[in-house]
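*Asks:* Dropping a structure here in structure tokens format, bear with me for questions.
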Amino acid sequence: MRWALVKVSLAVTAMVVVAFAVPLGLVIREMARDRAFSNAERDAAEIAPALSITTDRAQLERVVASAGSDAGIAVHIPAADGSAPVEIGRQRAADADVTTTRDLGRASTADVPGGSALLQPVALSSGKFAVVEVYIPDTAVTKGVGTAWAVLAGVGLALIVGSVAVADRLGVRMVQPAQRLVEGARELGDGKLGARVPEEGPTELRLAAVAFNSMADQVVQLLANERELAADLSHRLRTPLTVLRLNAASLGDGAAAEQTRAAVAQLEREVDTIIRTAREAKPQTAAAGPGAGCDAAEVVRERMAFWSALAEDEGRKVRLAGVDRPVRIPVARADLAAALDALLGNVFRHTPEGTAFAVDVHNGEDAVIVLVSDAGPGIPDPEAAMARGRGSGSDGSTGLGLDIVRRLAESTGGDVRIGSSVLGGTEVRIWIQLDGREPGPSRRGHRGAVRRRRPGRTAVGFNRSRSLP
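If you count the sequence shown from 1, position 444 lands on 430 in our numbering, and the numbers rise without skipping.
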């Protein structure tokens, strides 16, 4: 498309330049010719007054010398009253041409070697006509024409180059959005669902980019809905499994009881396998570019409302804080929901029923902290728990939950820490950076300031040596 525009612009501009430059060049040549003949007529007119007064050779030679070079002007005076004809200057025109001009009594031109000659008749006192011949060389006729044509050619070339440059810029303006649209479609086809196209360029391509981004958003939303459906199904399975596990525990001893407990355990492992497989196959759905992100407070409220049903079934006390105001973070809604589901799912899987837990959101100037704490037994080896795929070693641990949380935090320049909570169990702190910079020493003090926003809570220290790789 870009080269097609350049070729069209080149052809059109070349035709316009030719259409205007050729006639203008011819006009310039005619103007130069007219200028040369006008100068010749002026020279002849300077001789005419002297001829009407006298035909003396000496006086006429002085007049011719004062009017111009005697090599360019000649005077032909016919014989009168027995006197011989007078010839002054060099004659270039043929005798026939001079005689014809004298007989007709009007000016004429004649072709001579090296140029032209202007023949101007002048009436004498004797009633006859003298002829003033002015030589016009070819160089006088073409004087300045070559320079003018060169200027026209330069202007025409500049117009062609300028039009090609403008067409090239317009082509780039049209091609670049199209290329970005192609790249975005290719990335989306490769599974990079965060691919978006800038909505800029010509109207048609801008509308295409809007449609592409809308389509990509719908794809991400569909995947998020699928994940919500999977989470809902897992919740529906977890609740009856809990009842089955409690009932199996009350069956006592015996072969049937052991078979029932083994079947319940096998069913729990199958559910964990399904969840692990779904999470391992999860594509990157984070939206890219300006304006991406979500309201962390809204997502936390939504996920807590989801898990509250199971918490009520198991008699767990739940506390939620810091979600009364919007908290914007540069994280996709679906990814934050997945991270919260992973942490809350760990609470339900790895703590006894009736164990309380809490979720707190702290909004700082350049970071947002999400704290998920519980009153369970805690995590003896946090580094091992953070290692992808290792898990805690207990039944129902896929080893992917905390890694999902870690990747979400590190995508913003933040990190994840595991420590002891004020409830007596584990506290997982998600540090989400708002400006995308790596947290440094100057930000550690800010973290303490964020923690001090909670009255009555003792500060929890985290050893920097536990930072994630």
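We treat Cβ as the ideally placed atom computed from N, Cα and C, and that holds for glycine.
Computed from a predicted structure; not experimentally measured.
1. In whole angstroms, give me the CA-to-CA distance for residue 466 and residue 73.
2. Assuming residue 326 contacts residue 415 (C-beta within less than 8 Å), just tell me the rounded distance between them.
3. Per DSSP, which residues does residue 106 bridge with? Please list them.
4. Determine contact between the stretch 152 to 170 and the stretch 129 to 140, defined as no fewer than three beta-carbon pairs at a distance below 8 Å.
5. Spatial neighbours of residue 103 within its chain, please: CB distance less than 6 Å, with the 5 preceding and 5 following residues excluded, ordered by chain position.
6. In this structure, how does DSSP classify residue 159 when only helix, strand and coil are distinguished?
7. If you drop the 5 nearest sequence neighbours on each side, which residues of the same chain put their C-beta closer than 6 Å to that of residue 101?
8. Buried or exposed for residue 351, please, with buried defined as at least 16 other CB atoms from any protein chain shown within 10 angstroms of its CB.
9. Alpha carbon to alpha carbon, how far is residue 363 from residue 402?
10. Does the distance from the C-beta atom of residue 29 to that of residue 59 stay below 8 Å?
11. Taking DSSP's pairing of strands, which residues face residue 353 in a bridge?
12. Which residues bound the alpha helix (DSSP H) around residue 329?
13. Name the DSSP beta bridge partners of residue 413, please?
14. Distance, Cα to Cα, residue 348 vs residue 252?
15. Can you tell me whether residue 426 is helix, strand or coil according to DSSP?
16. Distance, Cα to Cα, residue 177 vs residue 8?
17. Please list the terminal residues of the continuous alpha helix (DSSP H) segment that includes residue 111.
18. Considering only C-alpha positions, which residue in the set 297, 128 and 285 is nearest to residue 21?
19. What number of angstroms, rounded off, separates the C-alpha of residue 98 from the C-alpha of residue 31?
20. Rounding to the nearest angstrom, what Cα-Cα distance links residue 328 and residue 335 in this structure?
21. In its own chain, which residues sit with a C-beta less than 8 Å from the C-beta of residue 313, not counting the 5 before and 5 after it?
22. Here's a check: name, in chain order, each residue in its chain whose Cβ is nearer than 6 Å to the Cβ of residue 433, leaving out the five neighbours to either side.
23. Please classify residue 170 as buried or exposed, where buried requires at least 16 neighbouring CB atoms within 10 angstroms.
24. Would you identify the three-state DSSP class for residue 397, choosing helix, strand or coil?
25. Check whether the Cβ atoms of residue 114 and residue 70 sit closer than 8 Å, and answer yes or no.
26. Determine which residues share a DSSP beta bridge with residue 195 and list them.
27. If you measure between the beta carbons of residue 412 and residue 404, is that distance less than 8 Å?
28. Just to confirm my understanding: we take residue 25, look at its own chain, exclude 5 residues before and 5 after, and list those with CB closer than 7 Å. What are they?
29. Classify residue 364 as helix, strand or coil using the three-state DSSP reduction.
30. Using only alpha-carbon positions, find the residue among 13, 61, 226 and 230 that is nearest to residue 130.
31. How about residue 360 and residue 343: are their beta carbons less than 8 Å apart?
32. Let me check understanding here. Comparing Cα to Cα, which of 390, 395, 393 and 366 lies closest to residue 406?
33. Please go through the same chain and pick out, in chain order, the residues whose beta-carbon is closer than 6 Å to the beta-carbon of residue 106, but skip the five residues on each side of it.
34. Could you spell out where the alpha helix (DSSP H) holding residue 93 opens and where it closes?
35. Where does residue 316 land, buried or exposed, given buried means 16+ other C-beta within 10 angstroms?
36. Roughly how many angstroms separate the alpha carbons of residue 371 and residue 421, rounded to a whole number?
*Replies:* Quick look at the numbers:
1. The question about residue 466 has no answer, for the chain in this structure spans -13 to 455.
2. With 8 Å as the limit, residue 326 and residue 415 do not qualify as a contact, their Cβ atoms being about 13 Å apart.
3. 118
4. no
5. 78, 79, 96, 119 and 121
6. helix
7. 122, 123 and 124
8. exposed
9. 20 Å
10. yes
11. 419
12. 319 to 336
13. 359 and 405
14. 40 Å
15. Note that residue 426 scores a pLDDT of 41, beneath 50, so its modelled location is shaky and nothing firm can be said.
16. 60 Å
17. Segment: none, residue 111 is in no alpha helix (DSSP H) and carries neither H nor E.
18. 128
19. 21 Å
20. 10 Å
21. 281, 282, 283, 347, 349 and 354
22. Because the pLDDT of residue 433 is 43, which lies under 50, any placement of that residue in the model is unreliable, and the question is left without a value.
23. buried
24. coil
25. no
26. According to DSSP, residue 195 bridges with nothing at all.
27. yes
28. none
29. coil
30. 13
31. yes
32. 366
33. 30, 93 and 118
34. Per DSSP, residue 93 belongs to no alpha helix (DSSP H) and is neither H nor E.
35. buried
36. 28 Å
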